[in-house]
Structure formats: C-alpha cells, structure tokens
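According to my numbering, the sequence shown is numbered sequentially starting from 154.
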Amino acid sequence: MPREPIVTMKSLAEELGISPSTVSRVLSESTNGPSRWASDRTRQRILDLAHEVGYSKNPHAYSLRTSQSRMIGVVVPRLQDFVLATIYEGADEAATEAGYFTVVVNSLDDPDAHTSKVQQLLDRRVDGFLLGDIMMRDQAVDQVKRAGVPYVLVNRRSPGSVSVTCNDYLGGRLAAQRFIETGRTTFGVLAGDPQASTAHDRVRGFRDAVREHGFRLDDRAIVPGGFDATAGHQAALRLLDHGTLPEAVFAVNDFSAIGARGALAGFGISVPDDVAMIGYNDTPLAPAVNLTTIHSPMHDMGAQGMRVLLTMLRGEAGECCQLEPSLVVRDTA
C-alpha cells in the first residue's frame with residue numbers, strides 16, 4: 154500500500170499560495186492573540202488548513218526556526234557602482250526604520266560567487282532578500298525560491314518575481330522624444346548588456362518612440378556592451394565603424410555616455426554641436442559634465458523595495474512597483 158504524502162510547511166505554503174517562512178512563523182506562535190507575521194485572515198487560513206490535513210511540527214526543525222533573525226540579505230554585483238550604492242542606502246534606511254538590519258554582499262558579476270554568497274546568507278538565516286541588478290535567468294533567483302525565503306528584486310525585473318524598478322520603457326521614450334523635439338532625425342543607441350532588463354526596456358522604449366514618429370532606427374546602430382565608461386568608449390567606436398554618424402546618441406547609462414563622449418572627442422566630434430547625447434540615471438557625474446539624462450529615482454527604489462519585502466515578511470502578498478523617470482535637460486541635448 155503506498156504511503157500517504159508527508160505534509161510539510163512547504164506543501165502547506167504551496168496550497169495556500171504564500172511563503173513557507175510565513176507559514177512557519179504563524180505555526181510557531183501561540184494560538185492566543187493576533188499574529189506578528191500575518192494578517193488575521195492569512196493566519197486563520199494557515200491554522201485551518203494545518204488542522205484539516207493533520208499537520209504536526211517536526212520538533213528539530215521547529216527548534217531551528219522559532220526565532221527571527223531580523224536580518225535582510227542584500228546581494229549586488231558591486232557597491233562601487235553608484236546606482237547600486239544609492240539603491241542600497243534607501244533600502245538600508247527603510248530596514249532600519251522597521252527594526253531590521255541589512256547584510257550586504259558583492260557578487261562581482263561572477264555567477265558562482267553569486268550563488269555562493271546567497272547560500273552564505275541562507276545559512277545565516279536571513280529573513281528575506283533584496284536582490285539588486287540580477288540578470289535574466291539568474292540562478293540566484295531560483296536558489297532563493299527553492300529555499301522558500303521571501304525576496305524582492307530591485308532595479309531589474311524577472312518574470313515570476315516581485316520587483317521594484319524604474320519604468321525604464323518610459324525612460325527610453327523620453328530620451329527619443331527629446332531628440333525628436335530638438336530636430337534630430339538619425340539615431341544611435343549604446344544599448345548596454347542585453348541580459349539586463351534595464352537595458353532591454355530602455356532600448357525598447359526608445360526604439361518604439363522613434364518608429365512611432367516615422368523615423369527609422371537601424372539595427373546596426375544599436376550597439377550592445379557594458380555599463381561603465383570603458384564599455385561606452387568601445388561601443389561608440391563600434392558605432393562609428395558603421396559609417397554614417399547619427400545626429401543623436403542615447404546611452405542607457407550615464408557612465409557609458411561619458412565614455413562615448415570621450416571616444417567621439419578623439420575623432421574631433423563635438424557633443425552637442427555634431428552629435429546630441431542623452432544618458433540615463435542622473436548620477437552625480439551627469440551635472441558635472443552637463444549631461445542631459447533620464448533621472449531614475451534610485452534611493453526611492455531601494456526604500457520601496459525594502460518596504461515591499463517587509464510587507465511580504467508579514468505574510469501579505471508583494472506587488473511589483475514601477476517608479477517614474479523624468480528628463481533632466483542640460484547641455485548635451
């Protein structure tokens with residue numbers, strides 16, 4: 154006769170559509186009084202299902218999971234990146250206000266290091282994760298999902314995950330509209346890494362707006378690369394190799410815009426006299442070099458990402474959120 158399936162916190166959580174950590178915390182509490190971790194309705198659903206299926210705690214697992222660490226793991230490629238550092242500041246402030254503290258680790262854009270750092274934080278029993286600048290199909294996301302720990306993505310999105318991002322599609326459109334309003338009709342794009350949703354969405358918004366206004370954007374004028382000044386310099390050189398110099402260049406990152414400007418200057422090409430240029434993010438270097446750019450609310454993104462995560466830690470559903478970008482006009486476009 155086949156065995157009946159074992160009822161676990163994970164199976165309860167899957168049946169209810171909530172995180173295993175929330176189920177664990179509710180079942181670990183006294184049945185008297187309100188829950189610290191879930192709404193009254195969610196708590197009652199958990200208790201009712203546990204009673205219905207005859208769930209009983211594993212004493213050893215229970216002893217390991219009865220206390221909350223009050224730690225949030227924050228995983229980023231590198232904190233020397235101004236965008237990520239600013240996002241982290243916002244997240245850390247929101248965590249501190251709620252009585253949590255953050256543990257931040259750098260993956261250095263190494264997939265093996267990424268999963269290793271996530272596992273280290275799991276071993277230290279963080280209550281949740283904020284994952285910054287993940288790539289598409291990032292293994293760390295699956296790793297955290299399997300562990301049943303609540304998480305939120307910040308700055309970049311991925312299907313099936315709760316994320317807090319800038320509306321990068323709109324940001325790309327704003328850049329295109331600025332060029333068109335100022336009379337530019339031919340365009341180049343320094344597109345960043347195609348595995349990053351930020352780059353993908355910014356390029357898509359820019360391309361759609363250009364085409365809606367009846368202009369053409371040659372695929373050869375969309376040059377992939379990285380997000381730093383060196384990558385921008387190299388991408389600009391590849392753009393020049395295609396022959397015709399565009400009247401306007403959109404760089405999906407301020408640093409790549411600055412690197413591209415240096416590359417063009419080396420050929421005697423002036424920004425904005427010969428080529429208009431728009432960057433993205435509005436980092437402190439942008440006003441220093443009078444770069445027209447798209448402002449991304451980086452600090453608010455981190456704070457909102459943390460607030461969404463804290464909502465999930467209370468047993469409530471997390472919802473994706475997009476913050477609005479804005480055009481900052483300076484000298485280059």
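Quick reminder that beta carbons are idealized off the backbone N, C-alpha and C, glycines included.
(1) What are the partner residues of HIS448, as DSSP defines its beta bridges?
(2) Below 8 Å on the Cβ atoms is my contact criterion, and I expect VAL294 with LEU283 to pass it. Report the Cβ-Cβ distance as a whole number of Å.
(3) Assuming GLY455 and ILE225 make a contact with CB atoms under 8 Å, what is their CB distance in whole Å?
(4) From which residue to which residue does the alpha helix (DSSP H) around GLY415 run?
(5) What's the call for PRO173, buried or exposed, on a 16-neighbour Cβ count within 10 Å?
(6) Do ASP381 and ARG355 come within 8 Å of each other at the CB atom, strictly closer than that value?
(7) Mapping DSSP to helix, strand and coil, what is PRO312?
(8) In whole angstroms, give me the CA-to-CA distance for THR339 and ALA191.
(9) For ASP276, which residues in the same chain have their Cβ closer than 8 Å to its Cβ, ignoring the five residues on either side in sequence?
(10) Check this for me: beta carbons of ALA416 and ALA389, under 8 Å apart or not?
(11) Relative to the alpha-carbon of GLU168, which residue among ARG299, SER188 and ILE199 has its alpha-carbon at the smallest distance?
(12) Nearest to ARG414 by alpha carbon, out of ALA384, ARG460, GLY252 and MET451?
(13) Would the region 464-472 and the region 442-456 be scored as touching if the rule is three or more Cβ pairs under 8 Å?
(14) Does DSSP classify TYR241 as helix, strand or coil?
(15) Between the alpha carbons of THR255 and ARG460, how many angstroms are there, rounded?
(16) Taking the beta carbon of ALA486 as the centre, do at least 16 other beta carbons fall within 10 Å, making it buried, or is it exposed?
(17) Would you mind stating whether VAL305 and LEU462 have Cβ atoms separated by less than 8 Å?
(18) Using a threshold of 8 Å, state whether the C-beta atoms of VAL317 and GLN221 are closer than that.
(19) Let me confirm a value: THR436 is counted as buried when at least 16 other C-beta atoms fall within 10 Å, else exposed. Which label applies?
Taking the geometry as given:
(1) ASN434 and SER479
(2) About 12 Å; that fails the 8 Å criterion.
(3) Wrong, their Cβ atoms sit about 12 Å apart, outside the cutoff.
(4) 407-418
(5) buried
(6) no
(7) coil
(8) 55 Å
(9) none
(10) yes
(11) ILE199
(12) ALA384
(13) no
(14) helix
(15) 13 Å
(16) buried
(17) yes
(18) no
(19) buried
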